[in-house]
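**Q**
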Amino acid sequence: MSQYPMTARGAAMLRDELNELKTKTRPRIIESIAEAREHGDLKENAEYHAAREQQSFCEGRIQDIEAKLSNAQIIDVTRMENTGKVIFGTTVTIMNLETSKETTYRIVGDDEADIKKNLISVNSPIARGLIGKELDDVVNIATPNGTVEFEITEVEYV
1 MSQYPMTARG
11 AAMLRDELNE
21 LKTKTRPRII
31 ESIAEAREHG
41 DLKENAEYHA
51 AREQQSFCEG
61 RIQDIEAKLS
71 NAQIIDVTRM
81 ENTGKVIFGT
91 TVTIMNLETS
101 KETTYRIVGD
111 DEADIKKNLI
121 SVNSPIARGL
131 IGKELDDVVN
141 IATPNGTVEF
151 EITEVEYV
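If you read the sequence shown in full-length UniProt numbering, its first letter stands for residue 1, the second for the next number, and so on.
1) Near S121, what residues of its chain come up, given a Cβ to Cβ distance below 6 Å and the 5 sequence neighbours on each side ignored?
2) Does the segment 44-63 come into contact with the segment 140-149, if we say contact requires no fewer than three beta-carbon pairs (one atom in each stretch) closer than 8 Å?
3) Tell me, to the nearest whole angstrom, how far the beta carbon of G84 is from that of E134; I am working on the premise that it is less than 8 Å.
4) Going by beta carbon distance, what residues of the same chain come within less than 6 Å of L129, once the five residues before and after it are set aside?
5) For E156, which of M95, E81 and N123 has the nearest alpha-carbon?
6) Is the CB-CB distance between T93 and E154 below 7 Å?
7) Alpha carbon to alpha carbon, how far is P125 from P144? Give it in angstroms, no decimals.
8) Name the DSSP bridge partner or partners of F150?
9) Under 7 Å, do T91 and V148 count as touching if we go by C-beta distance?
10) Less than 7 Å between C-beta atoms, sequence neighbours within five positions excluded: which residues of the same chain meet that for Y48?
11) Whose C-beta lies closer than 6 Å to the C-beta of Y105 among residues of the same chain, with five residues either side of it excluded?
12) In the structure shown, what three-state DSSP assignment does residue 173 receive?
Structure below.
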């Protein structure tokens, strides 16, 4: 089975969610099912069916997280020497050479990506264009508006 890259922070977030699901959400759902059963006829019991649906979702999410963690290749860039090279987990500041606008992104795994927090997937076009490049390199990245030229102005291993 292939491994998937994940930052140490992303793995910790998944472990926290898994713990929450197993210790709080799952017992609460089991209690809801038991309470709904006490109301009698299960065929027409909407509370029972809703609780069973919640249970199904919860168990599916638990299995999903456990599979992701078992196949994760956890990479902690804070323990690496900063060589100025863009790799998985680094925080990169790039400047659009046409508009002189700077943007900072952290390159993370697919499950951690959140563009609102400037966390981009390692498989995104921007990240693929940046990986392997170094500080002060100029890169051309294909965007929906055409190819854009960026300069790498900062590479942080944080």
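Ideal Cβ positions, reconstructed from N, Cα and C, are used throughout, including at glycine.
**A** The answer reads as follows:
1) Contacts found: D110 and A113.
2) Result no; under three Cβ-Cβ pairs closer than 8 Å.
3) A Cβ-Cβ separation of about 5 Å places G84 in contact with E134 under the 8 Å criterion.
4) Going by the sequence as given, residue 129 is Gly instead of Leu. Excluding positions up to five away in sequence, the list reads V139 and I141.
5) Looking at the Cα atoms, E81 is the closest of the given residues.
6) Between T93 and E154, the gap from beta carbon to beta carbon is short of 7 Å.
7) One C-alpha to the other measures close to 10 Å.
8) Beta bridge pairing from DSSP links F150 with N96 and V139.
9) In this structure, V148 does not lie closer than 7 Å to T91 by Cβ.
10) Excluding its 5 nearest sequence neighbours in each direction, Y48 has C-beta neighbours in its own chain below 7 Å: I33, A36, R37 and L42, listed in chain order.
11) V92, N118 and I120, listed in sequence order.
12) The requested residue 173 is not part of the displayed model; the chain covers only 1 to 158.
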